[in-house]
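One structure is given below, encoded as structure tokens.
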Amino acid sequence: SSTGISPYQLAFGRRQRHPFNPPATTFVFSKPHDYWTQVIKYRNAALKQAKQHIIHQQEQSKIRFDKNRPHPNFVLGDLV
Numbered sequence: 037s038s039t040g041i042s043p044y045q046l047a048f049g050r051r052q053r054h055p056f057n058p059p060a061t062t063f064v065f066s067k068p069h070d071y072w073t074q075v076i077k078y079r080n081a082a083l084k085q086a087k088q089h090i091i092h093q094q095e096q097s098k099i100r101f102d103k104n105r106p107h108p109n110f111v112l113g114d115l116v
């Protein structure tokens, strides 16, 4: 994928639960607010990583595209 992260993870800040996978480790936070703080930190880090991955993929696509492209030199008066 171009982001390297699933859309579910970007939207909800965690991996999707599947019925055949065992439940994830349980975390206990001292305050409910701590959970949301961690979710926001994870989501911001995931979005930053996704943006960097997209930029990298775009650069790689440009390199692949330009590899087989001729670079014509035009002079004033040439018919194009």
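In the numbering used here, the protein residues as written are 37 to 116. Here a beta-carbon is modelled for each residue, glycine too, at the ideal position from N, C-alpha and C. Given the structure is predicted, the values throughout are model-derived calculations rather than measurements.
Contact between the segment 47 to 62 and the segment 97 to 109 is absent: fewer than three C-beta pairs spanning the two stretches fall below 8 Å.
In the DSSP assignment, residue 87 falls within the unbroken alpha helix (DSSP H) covering 68 to 103. Minimum Cα-Cα distance from residue 42 among the listed residues 68, 90, 66, 98 corresponds to 90. Counting C-beta atoms within 10 angstroms of its own C-beta, residue 81 has fewer than 16 neighbours from the protein chains shown and is therefore classed as exposed. When secondary structure is reduced to three states using DSSP, residue 115 falls in the coil class, being assigned neither helix nor strand.
If you compare the alpha carbons of 74, 58, 98 with that of residue 65, the shortest gap goes to 74. Collapsing the DSSP output to three states places residue 45 in a helix.
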